[in-house]
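See below for the structure under consideration.
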Amino acid sequence: MSPYLSARLRNLRRRRRQANRVPVISIIIEKEAAAKLFEEHSSMLLGFLIKLLGNKPDAEDVVQEAFGRLMKRTWKTRNWKAILYRVATNCAYDTMRQWKSGSTPIDLETLALELPHPDGQPGQELIRAELVAELNWALQQLSFNQRAAVLLTLDGHTTREIATILKVTPGTVRNLRSDGHERMRLILHRVEVTNEC
Amino acid sequence: MSVNRQAILLDMYYKALRRNSEAEPPEGLDTEIASIARALSSHVKPPEPSPGDLDRIKANIFRSENHTDPPNECRCSILRRYGLRCQSCPTNYQDLDQTRKRPNLAIPLEGEPEYIATSQHELLEELLEMESAGVGSSEGSAAAEVGEGLPTIVTSGGLLPPDYY
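Protein sequences appear in the order of chains F and B.
Last residue of the first sequence: 347 (the working numbering), numbering continuous.
Last residue of the second sequence: 323 (the working numbering), numbering continuous.
Structure follows, in structure tokens:
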């Protein structure tokens, strides 16, 4: 069977499973449960938000606001991690909307410095640093949803989880990711041409 | 090749990369897109925040969070109407002693509605007396159905379940 057909078959099976599920009820997250959620996911969440927003202070504020919002209302969910990421992504979007156009506080140095540095030759290290800087720059040029889809994929979330977080269909997630890569390719091509000139 | 197919192939490639960082891209996936995906997954890792940062954020979250706002489904307003306290929302409860003097509206089961102002405390005492005397439904400002548990009051707001006492 072709990959396309097998993917569609998987989708159909998933939808059937969803239809047979017992409905979930609204519940309030308790303080202890929220603290446990923080222990388990805050590190990854903060890393994701630093990449998404491009700077650390805003990312920290968003984590704080997201937990505040999470504890102030009831939620219908089984997957608290996805809800946490969704709330945080919405908060991040609100934060970005508050930025004035043309003055986005993206700190590319922070992004580059936060990256792990494996052992390597000095020359290779320089090439790698350049590549990372270009990739980070290209990532920051994507639309909010495209960047979120790509970064969540890199964090190890499945397409279905990303769909829950961004409140879109899995197909839309695939398209966002694919469009994001296509746009990154164009941006990186432009960077190469500029460097050659 | 259609964009949808490229999107599915890219999805498959990311799944393969999650299992094995050296995985080959699936046949049909654009080579440049595949190289970007490989570069992203190998070089762009989420930064590791310091434990100090996380401790500071955690302290801020749980210090500022006092649950002062009632949750959406809190029944405070309903309970307040009957002068009772809310269990799930300690900052918003109303003490029963403070509401004893508050007039309570009750309607009879039969006949024309007759609104009689009486205090919550008096009403409860009256109902408990009726229960101990073994009186069933009666005419008056309130009707008590004496069963195994506590009485049920019929008010303008409808039936109040026994657990409201």
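For each residue, glycine too, the CB sits at the ideal point set by N, CA and C.
These figures come from a predicted structure and were not determined experimentally.
DSSP three-state assignment for residue i, whether helix, strand or coil
{"i": "W230(F)", "result": "helix"}
{"i": "A300(B)", "result": "Low per-residue confidence applies at A300(B): pLDDT is 42, beneath 50, and the placement is therefore not dependable enough to give any value."}
{"i": "T308(F)", "result": "coil"}
{"i": "W225(F)", "result": "strand"}
{"i": "E284(F)", "result": "helix"}
{"i": "R167(F)", "result": "helix"}
{"i": "I179(F)", "result": "coil"}
{"i": "D188(B)", "result": "coil"}
{"i": "P205(B)", "result": "coil"}
{"i": "A195(B)", "result": "helix"}
{"i": "Q248(F)", "result": "helix"}
{"i": "T314(F)", "result": "helix"}
{"i": "S293(F)", "result": "coil"}
{"i": "P320(F)", "result": "helix"}
{"i": "N178(B)", "result": "coil"}
{"i": "P183(B)", "result": "coil"}
{"i": "S193(F)", "result": "helix"}
{"i": "S156(F)", "result": "helix"}
Own chain, CB closer than 6 Å to residue i, minus 5 neighbours either side, in chain order
{"i": "P320(F)", "result": "T309, R310 and A313"}
{"i": "H339(F)", "result": "none"}
{"i": "I215(B)", "result": "none"}
{"i": "V323(F)", "result": "A299, T309, I312 and A313"}
{"i": "T189(B)", "result": "none"}
{"i": "H307(F)", "result": "none"}
{"i": "I233(F)", "result": "W225 and T227"}
Unbroken alpha helix (DSSP H) run spanning residue i, endpoints
{"i": "V212(F)", "result": "K206 to L220"}
Beta-carbon proximity list for residue i, same chain, < 7 Å, skipping 5 on both sides
{"i": "E139(F)", "result": "Past the edges of chain F, shown from 151 to 347, lies residue 139(F), and the structure says nothing about it."}
{"i": "L301(F)", "result": "F198, K201 and L202"}
{"i": "A298(F)", "result": "L202, T239 and L316"}
{"i": "M194(F)", "result": "D305"}
{"i": "E280(F)", "result": "none"}
{"i": "F217(F)", "result": "A184 and F188"}
For residue j and residue i, believed in contact at Cβ under 8 Å, the rounded distance
{"i": "A193(B)", "j": "S179(B)", "result": "In the sequence as displayed, the identity of residue 193(B) is Ser instead of Ala. Not a contact, Cβ separation roughly 14 Å."}
{"i": "Y172(B)", "j": "T303(F)", "result": "5 Å"}
{"i": "P153(F)", "j": "I191(B)", "result": "That belief does not hold up - the Cβ atoms of P153(F) and I191(B) are roughly 15 Å apart, past 8 Å."}
{"i": "L175(B)", "j": "A195(B)", "result": "7 Å"}
{"i": "A288(F)", "j": "M334(F)", "result": "4 Å"}
{"i": "S192(F)", "j": "L212(B)", "result": "5 Å"}
Chain-order list of residues whose beta-carbon lies under 8 Å from that of residue i (same chain, five-residue window excluded)
{"i": "I179(F)", "result": "L187, L220, M221, W225 and W230"}
{"i": "K181(F)", "result": "M221"}
{"i": "L196(F)", "result": "A209, E210 and V213"}
{"i": "D169(B)", "result": "none"}
{"i": "P209(B)", "result": "none"}
{"i": "R163(F)", "result": "none"}
{"i": "R163(B)", "result": "G186"}
{"i": "R236(F)", "result": "T314, I315, L316 and K317"}
Would you say the region 196-211 of chain F touches the region 189-205 of chain B, given that touching needs at least three Cβ pairs under 8 Å?
-> Inter-segment contact for the region 196-211 of chain F and the region 189-205 of chain B is present: three or more beta-carbon pairs are separated by less than 8 Å.
Tell me, please, whether the region 183-196 of chain F touches the region 290-298 of chain F by the rule of three or more beta-carbon pairs shorter than 8 Å.
-> Taking a contact to require three or more Cβ pairs closer than 8 Å, the region 183-196 of chain F and the region 290-298 of chain F do not qualify as touching.
At least three beta-carbon pairs within less than 8 Å, the region 220-234 of chain F to the region 326-338 of chain F = no
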